[in-house]
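In what follows, a single structure is set out as C-alpha cells and then discussed.
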C-alpha cells in the first residue's frame, strides 16, 4: 500500500470534473485490497478523521473532492476477477475502468448496458453514483445490473451483501450482519421517490427495500465498495441506428412520443401484458437522444455535414436480428414519415463502424460545450433534472422560453426518452455567470414543483446538497442523516456528499 503526504503527490486527487475549488487533504492512501482499506478506516474512525473515496474523478458534482482528512484511491483495486459466460455474471474490483470492462465483456460475446458518457470512469464510481446514460431508456441504470457487493464500513467492519438476501422488515428496518458477526440496524427513510425513470437524489428507497440498494447510489457515504458482482446480457446480434433531423419542433416531440409508445407496448407484450390497441409491437428503441437547434449549430463546427436550418434531431438505436431486421426498418420508416422527419438529410446505419461515428457525434457535444466554457474563462452551468412524462413538454418549453429571454448562449441535449435533458448555459462573462446561476435555481424550483428530481444521473455530491435540502425538506433530510449514522456514526465517510457536513 502506498501512503503519500506531499502536496505534489496529492494534487491530482484534490479536483474532479466539477472543477470545484479548495480541495485539500492530509494523506493519500493507495491500497491494493479490502484488508488494507479496513485498516485505514479503523484508524480514521477511531480518530474522527474524514475519508473521501477517489476513483477516476470524472464526476461533475464534487463528490471526490476532499476537504481535509484522508483520501483513499481505489486505482490499484483494478482486477476483472471473472466473466462467466454461462451464468452471465462478472466479478470486478471497483477500480476497473468501464471502457476496459466493456471491451472484455464484448470479447466474450456479452453485453453490459450501462453507458455513461465518460467511459474512463471506474466501475466502483458507477455503482456509487448509480450511473446511467443513453441506454437507460431500455435497460435502466447501473442498479439493475448489480447483484452483489463487498463493502468496508466506516469502523473497518467488512460486509458482503447479495441482491434479494436481505430486505427491510415490516417495520421498515434493515438488519445486516457483518463478516465478523456484528449487527447493523438501519431505519429505512419514509419518503417516496419522484415518479420519474431516472433519479439519483438522495438514498434509494422503495417498499420493500433491498439492502444492496442502500449502497448503490450512496456516493461513498455509507461504506467503501471493494468488490462488485454484475449481471450481463448476451450481445445483441445487430443494431439499426439513426440520427434523424426535423424542420419543426412539434414533429420532434410527436416522433419521440411515437417511439416511446411503441417501445413500451413491445415491452409489455414481452412481459405477457396486453399491448395498446393499434400499436405495432416490434419497434423497441434502446436509446432516444435529443439535440435542439442550438446544439446542432454548435456541433456543426466539428461535424460540418450536419444539415442547417433544422429545429432539432433525434439519435435512436434499435436492436435487430437477421430475422426481424427488414420488418423493423419498415416500421421505423413508417414512423419517420408519419412525423415528417427529413429522411433525405438524415443518417442511418446497420454497421458497427458507422454506429460508433454516430455515438461520437453525440459525445462530441458535451466536449465542445466544455471547450467553449474554457475559452470564455467561465464555468459550465448545466442542468440534470428529470420530470414526469406528462410534465415534460411544458418543462422543455419553460427551458427554452426562459433561456431565450435571458440572452445567454445555451444548448439543450440529452436523454429525451427518459424526460431528462441537459440545458447547458454558456456565460461569456461574470455578469452572465451570475444570471446563469440564478436561472439554474429557477429550473430546480420548476422541476420540484412538477414532481421531478433535481438530479437524474450526475448525483448530488457537494455542489447540489443545498438543492437536495429543498427537494427533501427537513423531515426527510433528517431521515437521511439517521440512515447515514447507522452505518457511519461519526460521519467520516464522504463528508459533505448529499448531506451537508453541518447536519451530521
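Residue numbers (the working numbering): 1 to 504.
Just so it is clear, CB atoms sit at the ideal spot from N, CA and C, and this is done for glycine as well.
Asked                                                                                                                           : Found
Cut-off 8 Å between Cβ atoms - residues of its own chain near residue 328, not counting five sequence neighbours on either side : 240, 282, 283, 318, 320
Which of helix, strand or coil DSSP assigns to residue 186                                                                      : strand
DSSP three-state assignment for residue 361, whether helix, strand or coil                                                      : helix
Three-pair Cβ contact test at 8 Å for the segment 10 to 17 versus the segment 127 to 137                                        : no
C-beta contact flag for residue 497 and residue 118 at 7 Å                                                                      : no
Cβ neighbour criterion (16 or more within 10 Å) applied to residue 242                                                          : buried
Reduced DSSP secondary structure (H/G/I, E/B, other) of residue 458                                                             : coil
Cβ neighbours of residue 409 in the same chain (closer than 6 Å, five flanking residues each side left out)                     : 426
Three-state secondary structure (DSSP) of residue 435                                                                           : helix
The segment 338 to 354 contacting the segment 379 to 387, beta-carbon criterion three pairs below 8 Å                           : no
Close-in-space but distant-in-sequence residues of the same chain around residue 485 (CB under 6 Å, 5 per side omitted)         : none
Close beta carbons around residue 152, own chain, < 7 Å, minus the five adjacent residues each side                             : 34, 37, 38, 41, 158, 223, 224, 226
Same chain, Cβ closer than 7 Å to residue 253, five either side skipped, listed in chain order                                  : 393
Terminal residues of the beta strand (DSSP E) in which residue 91 lies                                                          : 89 to 92
Touching by the beta-carbon criterion (3+ pairs, under 8 Å), the segment 257 to 276 and the segment 167 to 183                  : no
Continuous alpha helix (DSSP H) stretch holding residue 476: start and end                                                      : 465 to 487
Opposing strand residues paired with residue 495 [DSSP bridges]                                                                 : For residue 495, which the question treats as bridged, DSSP gives no partner whatsoever.
Residue from 195, 150, 155, 211 with nearest C-alpha to residue 172                                                             : 211
At least 3 beta-carbon pairs within less than 8 Å: the segment 71 to 85 vs the segment 191 to 208                               : no
CB contact flag (residue 28, residue 7, <7 Å)                                                                                   : no
DSSP-derived helix/strand/coil call for residue 345                                                                             : coil
Extent of the continuous beta strand (DSSP E) run through residue 231                                                           : 224 to 231
Residue 115, DSSP secondary structure in three states                                                                           : strand
Any alpha helix (DSSP H) of 4 or more consecutive residues that is wholly inside the segment 193 to 217                         : 212 to 215
DSSP three-state assignment for residue 67, whether helix, strand or coil                                                       : strand
Residue 395: first and last residue of the uninterrupted alpha helix (DSSP H) it sits in                                        : 392 to 406
Touch test, the segment 45 to 56 against the segment 442 to 456, Cβ-Cβ under 8 Å, three pairs minimum                           : no
Of the residues 323, 235, 286, 504, the one placed nearest residue 256, counting alpha carbons only                             : 286
Nearest-angstrom Cα separation, counted from residue 137 out to residue 150                                                     : 28 Å
Reference residue 466, options 116, 1, 228, 499, closest by Cα                                                                  : 499
Residue ranges of each beta strand (DSSP E) within the segment 277 to 358, 3 or longer                                          : 285 to 292, 312 to 320, 347 to 349
Extent of the continuous alpha helix (DSSP H) run through residue 47                                                            : 34 to 47
Minimum C-alpha distance to residue 377 - residue among 233, 367, 429, 424                                                      : 429
Closer than 6 Å: residue 145 CB and nearest the ligand FAD heavy atom                                                           : Here there are no bound small molecules, and the ligand FAD is not part of this structure.
Local conformation of residue 97 per DSSP, three classes                                                                        : strand
For residue 424: DSSP bridge partner residues                                                                                   : 382, 411
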